[in-house]
Structures are given as structure tokens and as C-alpha cells.
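Visitor: The structure under discussion is supplied below as C-alpha cells; questions concerning it will follow.
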Amino acid sequence: MSEPPGAAVTLAEAPPPTDAPSRRLAPQRVLPLRRPGRWIATAVVLVLAAQFVHGLVTNPFYQWDRFGYWFLRPTILDGLLVTLEVTAYSAVLGLLGGILLALARLSRSPVLRAVSWVYVWAFRSIPLIVVLLFLYNFSALYRTLSVGVPFGPAFFSFDESKLATDIVIAVVGISLHESAYAAEVVRGGILSVDQGQHEAAAALGLPKGYQFKRVVFPQALRSIIPNYVNQLIGLIKGTSLVFYVSLLDLFGAAQSMGSTYPGDIVPLLMVATVWYLILTSVVSVVQFYVERYYARGATRSLPPTPLQKLRIAITDLRARVRREAAV
Numbered sequence: 006m007s008e009p010p011g012a013a014v015t016l017a018e019a020p021p022p023t024d025a026p027s028r029r030l031a032p033q034r035v036l037p038l039r040r041p042g043r044w045i046a047t048a049v050v051l052v053l054a055a056q057f058v059h060g061l062v063t064n065p066f067y068q069w070d071r072f073g074y075w076f077l078r079p080t081i082l083d084g085l086l087v088t089l090e091v092t093a094y095s096a097v098l099g100l101l102g103g104i105l106l107a108l109a110r111l112s113r114s115p116v117l118r119a120v121s122w123v124y125v126w127a128f129r130s131i132p133l134i135v136v137l138l139f140l141y142n143f144s145a146l147y148r149t150l151s152v153g154v155p156f157g158p159a160f161f162s163f164d165e166s167k168l169a170t171d172i173v174i175a176v177v178g179i180s181l182h183e184s185a186y187a188a189e190v191v192r193g194g195i196l197s198v199d200q201g202q203h204e205a206a207a208a209l210g211l212p213k214g215y216q217f218k219r220v221v222f223p224q225a226l227r228s229i230i231p232n233y234v235n236q237l238i239g240l241i242k243g244t245s246l247v248f249y250v251s252l253l254d255l256f257g258a259a260q261s262m263g264s265t266y267p268g269d270i271v272p273l274l275m276v277a278t279v280w281y282l283i284l285t286s287v288v289s290v291v292q293f294y295v296e297r298y299y300a301r302g303a304t305r306s307l308p309p310t311p312l313q314k315l316r317i318a319i320t321d322l323r324a325r326v327r328r329e330a331a332v
């Protein structure tokens, strides 16, 4: 738009620069967002935990003096050794059986797939106590077992009752039962490996066995370990059922002493409970370090160990105290 004739055009002058020094920003303390709900929930949990611990310590019904008497008795320790022995054998055999079943389920042979599926279906359907009782009475059905040609001569035979001791029955029964669950854990871990890893290994011309041993299975272990350790913890507790096939494990020893000393039933149950807590805690610690080992290359940084977490917490606490003192 043009200006009318004779109009004067004036330009606004910029304000002169001031000579006042620029103000320096004062350090401000960053306040965290207030979360009253979190504090209330924390207070409620702490109160409930304190009441629970107070009840454990002050309730005379637990008889902590008798608990201390029974905790390291030879009978209890012998039962603990039986539990560890059955758990160790069953865990190894169950995992090996699960690997074989998983490979059979993933094979191209319809017979192997069908047999593996039927095995997993059957043993996941039958309770463990039924399997143990059936094996315990197996000699009544088959007094002798032989190996040879079907419907033909036998190469050799042996007496089943002499071979099947109580611990053998417990290990075989639990291993057969655990193999069905371990098979699904292993199969899920193998399927979790990216298909590109299989294709890359095949493109390098690696043999199938080498591909599985060096490429697929190490990566599958990152998924297998947490799930199988969960199974292992259940296995530790599941060994308490071997008491019903005349094998005195930890629970069986506590139960036997409880029937002999009826007044100490609760302390004996607490002894078994604490030992089971110790065993599962040790397994959980081992699980953490095994998972940390196989996490190499999958994460940018390995998860800190409990000792490292403690050092970080102490360092942060010291820094916070210094900041509070400076303010």
C-alpha cells in the first residue's frame, strides 16, 4: 500500500543497549515428582512385613528352640543329601531327554514327531505321584526284563526287582516326568532363534550338527535357561513325593521325625521349609550368573551383579549426601 503524498515516514529507533551486566542463572534444585500413592503403598507393605516378622519371632507355636535343635540333625542332613542326589540326577537326565524329544518333535520324520508328541502328551497328563507309584509296583507286572528280537529269542534278561532300588525308581520316574516338560522348554527356545541365523549357518556350508551345537543352541539357551530353571525349582520341591515310594528325602525325614515326635511337627516343617528356601535361593543365584554369561553379545551392557548394584547404590548415596551438604 503506497503512502499519500507529503506523508513523512519515520523509523522507530532501536533502544540503546544497556550497560547492566547480564544476570547469571542461579543453580536450581530439581525436585522429583511427588507420588503419594507409591509412598502409601510402601508404608502399607512395610507395616505388613513388620507384623509378619514379629509374629514369626514372638509366636511360641513355632518353637524356635526346637527348630535350632532339628536344623542340623544327621537325620535331616541325610534326607537333604537324598534330595540333592535325586534332584541332580533327574535334572540332568530330564534335560537330556527333553533335548532328544524336542529334536524329535522338530524333525522331518512323521514317526519321530508322533512318538515325541504322544510322550509329551501322556506324561504331562499323568500326575507325578501316579508315575512313581506305578514304577514302584512295576515288578508285579514284569518280574523280568529282557532285550532281544521282538517275538524271538532274548539276548539277555535281568530281574527287575533287584535293579529297581528306591532311588532308581525315584530318579527314573521324575526324569520321565520332567523330560516331557523340558522338551517343550527346549523346543520353545529353539523356535525363538531367528530364522536368519539358520539360513546364515546353512549358507556357510556348516554341517547340521555343527549348526545346532555352535549357532542355534547357544542362542536358544538365552530363552531355555529361565524357563528350565523354573522347572528345576519345581523339581526340587517335587522330590518330596518320593517319600511315598519309601525313600526318605528331606521332606520324608521331617515327616518321619514328626510322627515320632508329635510335639515337634511345626518346627520340623519349618526346618524343611527353610532348607527348601536355601536350595531354591542357590539355584536362583546360579541362574543369574548363567543368564549373564549367555547374554554376551545380545545386550549392549551386561546386567550388574548384586555386588556391583551395592557399590552403585553406595556411590549414589554418597553423592546425594554431598549435594545435600553443599546446598
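Numbered as in the working numbering, the sequence shown ends at 332 without a single skipped number. For each residue, glycine too, the CB sits at the ideal point set by N, CA and C.
Return helix, strand or coil for Thr47, following the three-state DSSP convention.
Guide: By one-based count along the sequence shown, residue 47 stands at place 42. Note: Thr47 maps to helix in three-state DSSP.
Visitor: Does the beta-carbon distance from Ala1 to Arg118 come in below 8 Å?
Guide: This structure gives no information on residue 1, because the portion of the chain shown stretches from 6 to 332.
Visitor: Which residue comes first and which comes last in the alpha helix (DSSP H) that contains Ser95?
Guide: Here residue 95 is taken as the residue at index 90 of the sequence shown, counted from 1. Note, Ser95: alpha helix (DSSP H), 79–111.
Visitor: Using the C-alpha atoms, what's the distance from Ala187 back to Gly103?
Guide: Here residue 103 refers to the residue found at position 98 when the sequence shown is read from its first residue. Here residue 187 refers to the residue found at position 182 when the sequence shown is read from its first residue. Rounded to whole angstroms, Gly103 to Ala187 spans 5 Å at the Cα level.
Visitor: Within 10 angstroms of its Cβ, does Gly201 collect 16 or more other Cβ (buried), or is it exposed?
Guide: Here residue 201 is taken as the residue at index 196 of the sequence shown, counted from 1. Flag for Gly201 reads exposed.
Visitor: Would you call the CB atoms of Phe76 and Val276 closer than 8 Å?
Guide: The count along the sequence shown starts at 1 and reaches residue 76 at position 71. The count along the sequence shown starts at 1 and reaches residue 276 at position 271. Against a cut-off of 8 Å, the Cβ pair of Val276 and Phe76 comes out as a contact.
Visitor: Within its chain, find whatever has a CB closer than 7 Å to the CB of Ser95; leave out the 5 residues flanking it on each side and keep chain order.
Guide: Here residue 95 refers to the residue found at position 90 when the sequence shown is read from its first residue. Closer than 7 Å at the Cβ level, and outside the excluded window around Ser95, lie Val176, Ile179, Ser180, Glu183, Leu240.
Visitor: Three or more C-beta pairs closer than 8 Å, one from the region 72–90 and one from the region 224–237: is that the case here?
Guide: No, because fewer than three Cβ pairs between the region 72–90 and the region 224–237 fall closer than 8 Å, the two stretches do not touch.
Visitor: Cβ of Ala259 within 8 Å of Cβ of Leu246?
Guide: Looking up residue 259 in the sequence shown gives position 254. Looking up residue 246 in the sequence shown gives position 241. Their beta carbons are not under 8 Å apart, which means Ala259 does not touch Leu246 by this criterion.
Visitor: So, helix, strand or coil for Leu231, using DSSP?
Guide: Sequence index remark: in the sequence shown, residue 231 carries index 226 (1-based). Residue identity differs from the one stated: residue 231 is Pro in this sequence, not Leu. Pro231 falls in the helix class under three-state DSSP.
Visitor: So, does the region 227–234 touch the region 256–271, judging by three or more C-beta pairs under 8 Å?
Guide: No, the region 227–234 does not touch the region 256–271.
Visitor: In chain order, what residues of the same chain have a beta carbon less than 7 Å from the beta carbon of Leu253, not counting five sequence neighbours either side?
Guide: Translated into positions along the sequence shown, residue 253 becomes position 248. If we look at Leu253 and ignore the five residues flanking it on each side, its Cβ neighbours are Gly84, Val87, Ser261.
Visitor: Assign Val198 to one of three DSSP states: helix, strand, or coil.
Guide: As a first step, residue 198 is located in the sequence shown; it is residue number 193 there, counting from the start. The answer is coil: DSSP assigns Val198 none of H, G, I, E or B.
Visitor: Starting from the C-beta of Gly99, find all residues in its chain whose C-beta is less than 6 Å away, skip the five residues before and the five after it, and write them out in chain order.
Guide: Looking up residue 99 in the sequence shown gives position 94. If we look at Gly99 and ignore the five residues flanking it on each side, its Cβ neighbours are Ser180, Glu183, Ser184, Ala187.
Visitor: CB Ile172 to CB Val91, shorter than 8 Å?
Guide: For this step, residue 172 is matched to residue 167 along the sequence shown. For this step, residue 91 is matched to residue 86 along the sequence shown. Taking 8 Å as the Cβ cut-off, Ile172 and Val91 qualify as a contacting pair.
Visitor: Could you tell me the alpha carbon to alpha carbon distance between Arg39 and Ala48, rounded to whole angstroms?
Guide: The residue given as residue 39 occupies position 34 in the sequence shown. The residue given as residue 48 occupies position 43 in the sequence shown. C-alpha separation (whole angstroms): 15 Å.
Visitor: So Ile134 packs on Tyr249, CB below 8 Å; how close in whole Å?
Guide: Within the sequence shown, the letter at position 129 stands for residue 134. Within the sequence shown, the letter at position 244 stands for residue 249. With a Cβ gap of about 6 Å, Ile134 and Tyr249 count as contacting.
Visitor: Might you give, ordered along the chain, the residues of its own chain that have their beta carbon closer than 8 Å to the beta carbon of Arg327, omitting 5 neighbours on each side?
Guide: Numbered from 1 along the sequence shown, position 322 holds the residue referred to as residue 327. Cβ within range, chain order: n/a, list empty.
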